[in-house]
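Numbering (the numbering used here), first residue to last: 8 to 94.
#1: Judging by CA-CA distance, which residue of 84, 10, 62, 79 is the nearest neighbour of residue 28?
#2: So, for residue 77: in the same chain, excluding its five sequence neighbours on each side, which residues have a beta-carbon less than 7 Å away from its beta-carbon?
#3: Closest by CA to residue 60, which one among 25, 21, 20?
#4: Do residue 37 and residue 53 have their C-beta atoms within less than 8 Å of each other?
#5: Using a Cβ-Cβ distance under 8 Å, would residue 64 count as near chain B?
#6: What are the boundary residues of the alpha helix (DSSP H) that includes residue 73?
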């Protein structure tokens with residue numbers, strides 16, 4: 008069970024690190040829509056940043072769900088073991 012707790016903690020820290028990385032990537036994001044003649048060169052950079060944030064979000068959602076499910080399983084296992092010891 009200790010290895011499971013360590014794995015869950017590492018997964019939680021990795022999820023938080025991914026959220027922090029997303030925050031840093033989104034800080035460099037340009038929120039303006041560039042439509043004028045001299046701004047065409049900025050559009051590919053905006054598209055690349057948008058795709059990167061989309062990929063980070065996909066992994067972030069997946070990792071968050073897995074972390075929550077494993078945390079609930081860990082809590083259920085702990086409660087089950089505590090109930091077995093008391094009877």
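We put the beta carbon where it would ideally sit given N, CA and C, even for glycine.
The model shown is predicted, which means the values in this text are computed figures rather than measured ones.
Reading it off the structure:
#1: 62
#2: 15, 18
#3: 25
#4: yes
#5: The structure shown has no chain B; it contains just one protein chain.
#6: 50 to 93
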